[in-house]
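Scroll down for the structure; my scribbles are underneath it.
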Amino acid sequence: MIITVTSFKGGVGKTTIAVHLAGVLQKKGKTLLIDGDPNRSSLEWSKEGKLPFIVIDEKQAPKYIRDGSFKFILIDTQVRPDEGDLKDLADGCDLLIVPTTTDSLSLKATLKMLSALKTLKAENYKILLSAIPPPPSKEGQEALSEIKANNLPIFETMITRYTAFKKSAMQGNLVKDVKDDHAQDSWKAIENICKEILNK
Ligand code: ADP
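Those letters in the sequence shown? Residues 2 to 201, per my numbering, in order.
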């Protein structure tokens with residue numbers, strides 16, 4: 002299964018999501034994370050050698066893919082794809098995950114672009130609300146309702162903005178392995194997103 006993660010804006014948690022999804026999926030089968038973001042953040046994350054899956058530069062992808070032994074391939078792509086890029090990205094994978102924050106500008110841009118994709122009849126994409134303000138804020142739920150009202154596909158599970166994720170990026174590990182009050186619920190959210198992916 003090939004899963005691509007892309008976003009309309011930098012800093013919305015795209016790399017954090019790609020790394021963590023790969024971490025959960027690795028438990029279900031051999032997983033490869035391809036870093037196609039010019040910032041090479043996933044590769045940077047993996048430098049500590051603590052991630053339980055292989056991370057490679059996109060230029061190495063043909064060699065690794067040819068080997069055919071990966072059950073899951075995650076691709077962390079560039080930001081700001083235009084409509085044409087998006088269609089190509091969607092065509093090249095089984096599932097295109099589009100993270101967005103609840104920040105109104107980012108959300109509006111995402112909704113607009115994805116409505117266009119819908120018109121182009123791309124159907125294998127799904128929005129993921131990322132770095133949403135923690136409870137008691139209702140921002141995440143409100144955004145979820147708005148996106149559903151637009152008839153766009155979206156994960157029921159949202160990723161909350163918790164320092165635990167920042168710590169995992171700094172330590173080069175997964176959020177389940179950091180010391181933080183929200184480490185385990187953050188990891189659970191990623192597991193639930195994987196369930197949504199695999200049970201679809
Ligand atoms: P992108 O790939 O979209 O640029 P990153 O995953 O690199 O985003 O995240 C950008 C910054 O936000 C990093 O410092 C990262 O640790 C932080 N971050 C990402 N997701 C979360 C989250 N859910 N909670 C808190 N911080 C987050």
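We treat Cβ as the ideally placed atom computed from N, Cα and C, and that holds for glycine.
Supposed close pair residue i, residue j - CB separation, criterion 8 Å
i    : j    : result
L175 : H21  : 6 Å
A170 : D181 : Rounded, the Cβ-Cβ distance is 12 Å, inconsistent with contact.
Own chain partners of residue i with C-beta closer than 6 Å, once the 5 adjacent residues on each side are dropped
i    : result
I76  : T5, I35, G37
L87  : L118
H183 : Y163, A165
E49  : G173
Same chain, Cβ closer than 8 Å to residue i, neighbours up to 5 away in sequence not counted
i    : result
G141 : T103, L130, I133, P134, M159, T161
E84  : M114, A117, L118, L121
L199 : K29
S185 : The amino acid at residue 185 is misidentified as Ser; the sequence shows Gln. Taken in chain order, the residues that qualify are K177.
Which of helix, strand or coil DSSP assigns to residue i
i    : result
K113 : helix
Q79  : strand
P100 : strand
I160 : coil
S70  : coil
K127 : strand
Through-space distance from residue j to residue i, alpha-carbon basis
i    : j    : result
I148 : I155 : 7 Å
W46  : Q172 : 8 Å
Cβ shell of residue i (< 7 Å), same chain only, five flanking positions each side left out
i    : result
N193 : T158
Pick from the options that is closest to residue i, judged by C-alpha positions
i    : options        : result
W188 : T7, T17, R81   : T17
L33  : F73, K167, E49 : F73
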